[in-house]
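Peer 1:
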Amino acid sequence: MLPTPSFITANLVARPLGYRMDQGWGQGDKASNDWFAPLDTFEARFDAMLGEIKALGFTSIDLWCAHLHWRWATLQHVETAKALLGKHGLAVRSYPAWVMGGAADLEGACRLCVALDIPYFVGHCELFHADRAAAVAILREHGVGYAIENHPEKTSAELLARLGAGDEDVVGIALDTGWCGTAGWDALAALKDLGSRMFAIHLKDVKPRRAEKTGLEFADMGHETCRLGDGIVPIRAIVEHLRATGFRGSIGIEHEPETFDPREDARESRERVEQWWDAVTPRNLAEPLRIVVVGCGNIAGQYGEALGRCPEIKILGAQDLDPARARDWVAKHGGKAYATLDEVLADAAVEAVVNLTIQQAHVEVVTKCLEAGKHVHSEKPLAPSYAEAKKLVALAEAKGLRLSCAPVTWLGEAQQSAWKLIRDGRIGTPRVAYATVDWGRIESWHPNPAPFYAAGPVFDVAVYPLSLLTAWFGPVAKVTAGGGVLLPDRRTKDGKPFTITTEDWAAAVLEFAGGLQVRLTANFYVMNATQWQATLDFHGDAGSINTEWFAATAPVRVCANGGSYRRVPPVRESAGTGRWYVDWAAGVVGLWRGLRTGAAHPTGGAHAAHVVEVMESVHSALRTGQAVRLTSTFPAPPPQDWAR
Numbered sequence: 002m003l004p005t006p007s008f009i010t011a012n013l014v015a016r017p018l019g020y021r022m023d024q025g026w027g028q029g030d031k032a033s034n035d036w037f038a039p040l041d042t043f044e045a046r047f048d049a050m051l052g053e054i055k056a057l058g059f060t061s062i063d064l065w066c067a068h069l070h071w072r073w074a075t076l077q078h079v080e081t082a083k084a085l086l087g088k089h090g091l092a093v094r095s096y097p098a099w100v101m102g103g104a105a106d107l108e109g110a111c112r113l114c115v116a117l118d119i120p121y122f123v124g125h126c127e128l129f130h131a132d133r134a135a136a137v138a139i140l141r142e143h144g145v146g147y148a149i150e151n152h153p154e155k156t157s158a159e160l161l162a163r164l165g166a167g168d169e170d171v172v173g174i175a176l177d178t179g180w181c182g183t184a185g186w187d188a189l190a191a192l193k194d195l196g197s198r199m200f201a202i203h204l205k206d207v208k209p210r211r212a213e214k215t216g217l218e219f220a221d222m223g224h225e226t227c228r229l230g231d232g233i234v235p236i237r238a239i240v241e242h243l244r245a246t247g248f249r250g251s252i253g254i255e256h257e258p259e260t261f262d263p264r265e266d267a268r269e270s271r272e273r274v275e276q277w278w279d280a281v282t283p284r285n286l287a288e289p290l291r292i293v294v295v296g297c298g299n300i301a302g303q304y305g306e307a308l309g310r311c312p313e314i315k316i317l318g319a320q321d322l323d324p325a326r327a328r329d330w331v332a333k334h335g336g337k338a339y340a341t342l343d344e345v346l347a348d349a350a351v352e353a354v355v356n357l358t359i360q361q362a363h364v365e366v367v368t369k370c371l372e373a374g375k376h377v378h379s380e381k382p383l384a385p386s387y388a389e390a391k392k393l394v395a396l397a398e399a400k401g402l403r404l405s406c407a408p409v410t411w412l413g414e415a416q417q418s419a420w421k422l423i424r425d426g427r428i429g430t431p432r433v434a435y436a437t438v439d440w441g442r443i444e445s446w447h448p449n450p451a452p453f454y455a456a457g458p459v460f461d462v463a464v465y466p467l468s469l470l471t472a473w474f475g476p477v478a479k480v481t482a483g484g485g486v487l488l489p490d491r492r493t494k495d496g497k498p499f500t501i502t503t504e505d506w507a508a509a510v511l512e513f514a515g516g517l518q519v520r521l522t523a524n525f526y527v528m529n530a531t532q533w534q535a536t537l538d539f540h541g542d543a544g545s546i547n548t549e550w551f552a553a554t555a556p557v558r559v560c561a562n563g564g565s566y567r568r569v570p571p572v573r574e575s576a577g578t579g580r581w582y583v584d585w586a587a588g589v590v591g592l593w594r595g596l597r598t599g600a601a602h603p604t605g606g607a608h609a610a611h612v613v614e615v616m617e618s619v620h621s622a623l624r625t626g627q628a629v630r631l632t633s634t635f636p637a638p639p640p641q642d643w644a645r
């Protein structure tokens, strides 16, 4: 999967000058700071810039420091920027900056990164090269990384010498391919030399050096940028290498002309990068898994986009009770529209079915697929009752088939990173966890809320943290709970009244067989919680971890007992961006890997069945007022290979 290409906002360096930057970079830097610093105009100007970037098809940026500089940014600047980034759905992958002062400057840059959830800054840090130990201590205190950019180095050896040994958790490299071209340094060879220490890459192409002087700084030094693929840098080969080697860092698109607006070139550059990336087959790829999607509702679109980016998966088509929805889905994501489930199951080419039907149909659909000899990955929950879930697991085992089930969110980078911290003993023995599921009122955003309320927040949403917690800590042994219906009479978005009977609020205490105690709250009522609605906290003998149970891009924070939380870098970068990013294809890819290697797939049916028993027990406990003891177990899923 392609890490989302980002727009480096320094591309607009000459814009405040009307694209006549005839006095060099410093002129554009000053003009940009002067343009964005005034608080009374900041919101309108920052909003306009982000809107234009979003219109180019980008979903993330690298925020150049001149557009929000720690030396002039007030709390109001930062809060405004954060709100506008959310408004436009733009994540910030990095913070390009020249941090020239001492400790105070580095701390200021780090605080700004923390405030905007930016994992690292890119460029130069004077303190790092004057007092490495002091700089590294500040970086670790704030949980912010520093990616050294290749200015003015001309060889890999020079850049590695500047980088030095150690401190890999907070210090790495950002390779600017354009400066490689200007310096006569083979950017592809540089990438191969530096790969293990790469945090980011700035894809930049440059034209051949002009024979005549122009009076423009960059043009005269042979650094006249252009659309990717039009210059002297082997950009396509670089992208192909990144794809073939599974690069996960940020990929920024950089183009900083002195005399014209680069936005349309940036759009075309992004499109080229995506095309080049998709044209590459990763090395040693086994035969793709041939799948059909059954059920083309809301979540099917997200699955389709994710599966379509996976060379491990071949989409044969889709089927839905509404044939028009199936036709619409395959028009976007490929394959053919099957008329019926029976037609899907009769197709010998189909290896596996991805079941995305409504919860009430899961048992029927999964049963038919297994009976027909198809492997299955199902959306959650596996079944409405443990008895039914147990039968599905037994059927899959009897047929010698794979049964996989969502959620897959616990496979995300943030979640796997938090789990590794726990396994590595960073907080000692974990004894208490808090999982919060404040999912609000479904009718405020979904056109058909009734099925969600029929299932209730425990089966529909608490299934996410429950899957994570049981994957990490094993089976639950005992459940106590309380809850009820807080708001029985509801209205859809178009004003139609409906009444709910399943509890819209539940609070449970889960006692794990291994000793962990968990407080779980889940509701379809709270709209304005002061903490994030998907919060997950672990508390151990030596400290605590704070993260989220949903987004792979969530921050992970650690603190020692009595200390302050600080962000720590993930084990690897997420391929996606944004507050809600999930790799919806992860479970299907895990199924493919298990089938092709013989290893267990991570999202096993027995695990999903245990989660159903836990959820069923929560409802039983809150309705009867009696504790429920559980009996089911499951094979413990291992961490992802990259997070061991």
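Numbering (our numbering), first residue to last: 2 to 645. Think of the CB as a built atom: it goes at the ideal place given N, C-alpha and C, for glycine as much as any other residue.
1) Tell me, to the nearest whole angstrom, how far the beta carbon of Glu-549 is from that of Ala-415; I am working on the premise that it is less than 8 Å.
2) Thinking Thr-5 and Ile-62 are a contact (beta carbons under 8 Å), I'd like their distance in whole angstroms, please.
3) Quickly, what does DSSP pair Ser-575 with across the bridge? List them, please.
4) Whose C-beta lies closer than 6 Å to the C-beta of Leu-402 among residues of the same chain, with five residues either side of it excluded?
5) Alpha carbons only, please: which of Ala-347, Lys-333, Ala-332, Ser-379 is nearest the one belonging to Val-354?
6) Throw me the rounded Cβ distance for the Val-293 and Gly-318 pair, which I believe falls under 8 Å.
7) From Gly-336, Ala-347, Pro-489, Ala-390, pick the residue whose C-alpha is nearest to that of Arg-360; which is it?
8) Which of the three DSSP states is assigned to Tyr-465 in this structure?
9) Starting from His-125, follow its DSSP beta bridges and name the residues at the other end.
10) Spatial neighbours of Glu-53 within its chain, please: C-beta separation below 8 Å, excluding the five flanking residues on both sides.
11) Name the residue from Gly-457, Trp-581, Ala-644, Glu-574 whose alpha carbon lies nearest to the alpha carbon of Val-619.
12) What number of angstroms, rounded off, separates the C-alpha of Leu-86 from the C-alpha of Glu-275?
13) Where does Met-22 land, buried or exposed, given buried means 16+ other C-beta within 10 angstroms?
14) At 4 residues or longer, what runs of the alpha helix (DSSP H) sit wholly inside the segment 185-221?
15) Contact between the segment 404-413 and the segment 489-501: three or more CB pairs below 8 Å?
16) For the alpha helix (DSSP H) that Gly-52 lies in, which residues bound it at each end?
17) Whose CA, out of Val-613, Ala-543, Arg-46, Pro-571, lies closest to the CA of Ala-561?
18) May I have the straight-line CA-CA distance separating Thr-598 from Leu-346, to the nearest angstrom?
19) My assumption, with CB atoms under 8 Å, is that Lys-193 sits in contact with Gly-232. Please give the rounded CB distance.
20) Compare the C-alpha of Lys-55 against each of Asp-35, Ser-7, Gly-185, Gln-28 and name the closest.
21) Quick check: the segment 216-228 against the segment 156-174, are there 3 or more CB pairs under 8 Å?
22) Between the Cα of Ser-445 and the Cα atoms of Tyr-526, Leu-517, Ser-386, which residue gives the shortest distance?
23) Apart from the five residues just before and just after Glu-574, which ones in its own chain have a Cβ nearer than 6 Å to its Cβ?
24) With DSSP collapsed to three states, give me the class of His-130.
25) For Gly-626, count neighbouring C-beta atoms within 10 Å of its own C-beta (all shown protein chains included) and say buried if the count is 16 or more, exposed if not.
26) Measuring straight from C-alpha to C-alpha, what distance separates Phe-43 and Asn-12?
27) Tell me the DSSP secondary structure of Val-145 in three-state form.
28) Would you kindly check if the distance between the Cβ of Phe-539 and the Cβ of Ala-434 is under 8 Å?
29) In the DSSP assignment, the alpha helix (DSSP H) including Val-79 goes from what residue to what residue?
30) Does DSSP put Tyr-435 in a helix, a strand or coil?
31) By DSSP's criteria, Asn-547 is part of a beta bridge. Which residues make up the other side?
32) Just to confirm, are Val-146 and Pro-570 a CB contact at a threshold of 8 Å?
33) Report, in whole angstroms, the separation of the C-beta atoms of Tyr-127 and Val-100, which I expect to be a contact under 8 Å.
34) Within 10 Å of its beta-carbon, does Met-528 have 16 or more other beta-carbons around it, so buried, or fewer, so exposed?
35) Which of helix, strand or coil does DSSP assign to Ala-552?
36) Does the distance from the C-beta atom of Ile-316 to that of Gly-336 stay below 8 Å?
Peer 2: Taking the geometry as given:
1) 7 Å between Cβ atoms; contact.
2) That belief does not hold up - the Cβ atoms of Thr-5 and Ile-62 are roughly 10 Å apart, past 8 Å.
3) As DSSP reads the structure, Ser-575 sits in no beta bridge.
4) Cβ-Cβ distances below 6 Å link Leu-402 to Leu-371, His-376 in the same chain, with the five nearest sequence neighbours on each side left out; the list follows chain order.
5) Out of Ala-347, Lys-333, Ala-332, Ser-379, Ser-379 has the C-alpha closest to the C-alpha of Val-354.
6) Between Val-293 and Gly-318, the beta carbon gap of about 5 Å places them in contact (Cβ cut-off 8 Å).
7) Checking the displayed sequence, the identity of residue 360 turns out to be Gln instead of Arg. Nearest C-alpha to Gln-360: Ala-390.
8) Tyr-465: helix per DSSP, three-state reduction.
9) Partner(s): Trp-99.
10) Correct list, in chain order: Arg-264.
11) Taking Val-619 as reference, the option from Gly-457, Trp-581, Ala-644, Glu-574 with the minimal CA-CA separation is Gly-457.
12) Their Cα atoms are separated by approximately 23 Å.
13) Looking at its Cβ environment, which holds 16 or more other Cβ atoms inside 10 Å, Met-22 is buried.
14) Taking 4 residues as the shortest admissible run, the segment 185-221 contains the following complete alpha helix (DSSP H) segments, listed from N- to C-terminal end: 188-195, 218-221.
15) Of all C-beta pairs linking the segment 404-413 to the segment 489-501, fewer than three are shorter than 8 Å, placing the two stretches out of contact.
16) Per DSSP, Gly-52 belongs to the alpha helix (DSSP H) from 40-56.
17) Out of Val-613, Ala-543, Arg-46, Pro-571, the CA that lies nearest to the CA of Ala-561 is found in Ala-543.
18) Between the C-alpha atoms of Thr-598 and Leu-346 there is a straight-line separation of about 24 Å.
19) About 20 Å separates the two Cβ atoms, so there is no contact after all.
20) Among Asp-35, Ser-7, Gly-185, Gln-28, the Cα nearest to that of Lys-55 belongs to Ser-7.
21) Between the segment 216-228 and the segment 156-174, the count of C-beta pairs closer than 8 Å stays below three; the two stretches do not touch.
22) It is Tyr-526 whose Cα lies nearest to the Cα of Ser-445.
23) Answer for Glu-574: Arg-249, Gly-250, listed in chain order.
24) The answer is helix: DSSP assigns His-130 an H, G or I state.
25) Classification for Gly-626: exposed.
26) Counting only the Cα atoms, Asn-12 lies some 19 Å from Phe-43.
27) Three-state DSSP puts Val-145 in coil, outside helix and strand.
28) Yes, Cβ-Cβ distance for Ala-434 and Phe-539 is below 8 Å.
29) Counted as a single uninterrupted DSSP element, the alpha helix (DSSP H) harbouring Val-79 occupies residues 76-89.
30) DSSP places Tyr-435 in strand when its eight states are reduced to three.
31) Partner residues in the beta bridge of Asn-547, as assigned by DSSP, are Asp-538, Arg-558.
32) Looking at the sequence shown, residue 146 is not Val but Gly. For Gly-146 and Pro-570, yes; Cβs fall inside 8 Å.
33) Note on residue identity: the sequence assigns Glu, not Tyr, to residue 127. Contact between Glu-127 and Val-100 is confirmed by a C-beta separation of about 6 Å, below the 8 Å threshold.
34) Counting other Cβ atoms within 10 Å of its Cβ, Met-528 stays below 16 and is therefore classed as exposed.
35) Ala-552 sits in coil when the DSSP states are folded into three classes, being neither helix nor strand.
36) The Cβ atoms of Ile-316 and Gly-336 sit closer than 8 Å to each other.
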